[in-house]
Amino acid sequence: MKRSTRHSRYGIVPPYILSSIANHGTAEQRMRALKTLQHQQQQHIHPAPDTYEQAETHVKADKSDKEDHTILARQAKRTICDVQHTSRLPGKIVRKEGQDSNSDIAVNEAYGGLGWAFKLYKQKFNRNSIDNKGLALKASIHYNQDYDNAFWDDVGKCVVFGDGDGDYFNRFTIALEVIGHELTHGVTGNEANLDYNDQPGALNESISDVFGSLVKQFSLNQSSEEADWLIGKGLFTSKVQGEALRSMKAPGTAYDDPVLGKDPQPATMDDYVDTTDDNGGVHINSGIPNHAFYLVASTLGGYAWEKAGLIWYKTLTDPDLETSANFSDFAQLTIKQAKALYGARSPEKQAVRQAWEAVKVLGATTTHSHEGQAAD
1 MKRSTRHSRY GIVPPYILSS IANHGTAEQR MRALKTLQHQ QQQHIHPAPD
51 TYEQAETHVK ADKSDKEDHT ILARQAKRTI CDVQHTSRLP GKIVRKEGQD
101 SNSDIAVNEA YGGLGWAFKL YKQKFNRNSI DNKGLALKAS IHYNQDYDNA
151 FWDDVGKCVV FGDGDGDYFN RFTIALEVIG HELTHGVTGN EANLDYNDQP
201 GALNESISDV FGSLVKQFSL NQSSEEADWL IGKGLFTSKV QGEALRSMKA
251 PGTAYDDPVL GKDPQPATMD DYVDTTDDNG GVHINSGIPN HAFYLVASTL
301 GGYAWEKAGL IWYKTLTDPD LETSANFSDF AQLTIKQAKA LYGARSPEKQ
351 AVRQAWEAVK VLGATTTHSH EGQAAD
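Residue numbers (UniProt numbering): 1 to 376.
Quick look at the structure:
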């Protein structure tokens, strides 16, 4: 049985951004940033288990629903709760599966986002929800006050969204890839259960970025060429000099702001960041495997979920993927899966190998992992 370093909260906003706001912002901005950091580190306060069971109750679709919602309701089981600016989860139920849209835009964005994530996993990877057993999908909105983050709550199996401070951050339901990102933490926890530190933790974050981006691309019917490959587009207000939290296409270029700082993500192992902060740089170094996936998808072209995404999904669900896997371990498994899916001499396998070589995970001289090992 796989063992892993347990972690209960997986936030989309890296702590280094919040720390930069605390160091360079006004007194009020500092207070909000520190509050978000503090809440991110605290243990959740959960209600009795029967409240969760109530939240997971599946109700039939109303006849007034649109056809696509009715079809989805036969499969997904979504519940949206309103925390009402407290930190007590999951909150008051405000929309269940099949019910009509709500006057609260955050409710509808969360509901729709859960639906798109479910549809991508179901239709393209034949996965039935987070646990592959039809687990109900839950989201809690309006978490705390001026909360600058969204996270996967591994205890309550729920995605939680803050409203942002309105100063630097908008509401966190605004970005579909954020919803897909956080749900994928649940998928990873049910499959590889990757340790949330150092390279395994960076892989954990990267996998969430990959499938979060695929959820958005799937919803827009975008090819890899048409996609923006940004994570968290729309989260920043117009006050911020930046377009997103991260860029898979060009790590290190997503933002450059006097208060938030400059995007520190590396694109290759040449700039790998050795740090004890952020659980060993899980949000920083995720740029390396992120960029590898982008290179595979852009090389193969077409819809990224069809080939690159399938290879990554098969790797995530591969029993050989250990909880302590480093970048090289993961890279070699993606090559293995590309070979199994498309053949030893296939363009797909070649594209995967070349991508990992381009980011210098394979064939690079480094002490961070086993990059020098050959992969079949």
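Ideal Cβ placement from N, Cα and C applies to all residues, glycine included. All of these numbers come straight from a predicted model, not from anything done at the bench.
CB of residue i within 9 Å of CB of residue j, strictly
| i | j | result |
| --- | --- | --- |
| Val361 | Ile311 | no |
| Val215 | Gly242 | no |
| Asp165 | Gln29 | yes |
| Asp163 | Ile141 | yes |
| Ala355 | Thr299 | yes |
| His39 | Val259 | no |
| Tyr16 | Ile231 | no |
| Arg9 | Phe151 | yes |
| Phe293 | Val210 | yes |
| Ser245 | Pro14 | Reading off the sequence shown, one finds Leu at residue 245, where the question assumed Ser. Taking 9 Å as the Cβ cut-off, Leu245 and Pro14 qualify as a contacting pair. |
| Asn126 | Gln75 | no |
| Pro251 | Asp270 | no |
| Ala175 | Lys233 | yes |
| Gln99 | Lys92 | no |
| Asn197 | Val282 | yes |
Where residue i falls: helix, strand or coil (DSSP)
| i | result |
| --- | --- |
| Ser20 | helix |
| Val361 | coil |
| Lys262 | strand |
| Val94 | strand |
| Lys138 | strand |
| Ile174 | helix |
| Ala33 | helix |
| Gly189 | helix |
| Thr184 | helix |
| Lys133 | coil |
| Tyr342 | helix |
| Ala150 | strand |
| Gly280 | helix |
| Thr5 | Confidence at Thr5 is low in this model, with a pLDDT of 47, below 50, so its placement is unreliable and the value that follows should be read with caution. Coil, per DSSP. |
| Asp256 | strand |
| Ile231 | strand |
| Ala375 | Residue confidence is low: Ala375 scores 46 on pLDDT, short of 50, so the model does not pin down where it sits. No coordinate-derived value is stated. |
Enclosing alpha helix (DSSP H) for residue i [first to last residue]
| i | result |
| --- | --- |
| Lys124 | Ile105 to Phe125 |
| Ile288 | Gly287 to Leu300 |
| Gln202 | The residue asked about is misnamed: residue 202 is Ala in this sequence, not Gln. Looking at the DSSP string, the run of the alpha helix (DSSP H) that includes Ala202 is Asp198 to Leu220. |
9 Å Cβ cutoff, residue i in contact with chain D
| i | result |
| --- | --- |
| Asp153 | The structure shown contains no chain D; it holds only a single protein chain. |
Residue closest to residue i, alpha-carbon to alpha-carbon, out of the options
| i | options | result |
| --- | --- | --- |
| Thr173 | Gly309, Lys92, Leu114 and Arg30 | Leu114 |
| Ser206 | Ser219, Lys92, Gln222 and Glu182 | Glu182 |
| Asp153 | Phe118, Arg345 and Ser87 | Ser87 |
| Thr268 | Ala358, Ser219, Asp209 and Arg345 | Ala358 |
| Asn193 | Asn102, Leu316, Asp167 and Ala304 | Leu316 |
| Ser19 | Ala33, Tyr10 and Ile335 | Ala33 |
| Val187 | Ala136, Ala292, Lys233 and Phe236 | Ala136 |
| Leu220 | Pro90, Ala292, Tyr303 and Lys349 | Tyr303 |
| Glu322 | Ala338, Val296 and Gln199 | Gln199 |
| Asn279 | Thr36, Ala202, Asp271 and Gly252 | Ala202 |
| Leu333 | Lys314, Ala351 and Gln350 | Lys314 |
| Ala22 | Glu226, Leu37 and Asn204 | Leu37 |
| Trp229 | Tyr272, Gln217 and Val240 | Gln217 |
| Ala227 | Gly261, Phe330 and Gly301 | Gly301 |
| Asp257 | Trp116, His185 and Thr237 | Thr237 |
| Tyr143 | Gly134, Val160, Lys133 and Asn132 | Val160 |
Delimiting residues of the beta strand (DSSP E) encompassing residue i
| i | result |
| --- | --- |
| Trp356 | From DSSP, Trp356 is part of no beta strand (DSSP E) but of the alpha helix (DSSP H) over Pro347 to Ala358. |
| Val160 | Cys158 to Phe161 |
| Ile80 | Arg78 to Asp82 |
Runs of alpha helix (DSSP H) wholly within the region 307 to 339 (minimum 4 residues, chain order): The alpha helix (DSSP H) runs of length 4 or more contained entirely in the region 307 to 339 are, from start to end of the chain, 308 to 316.
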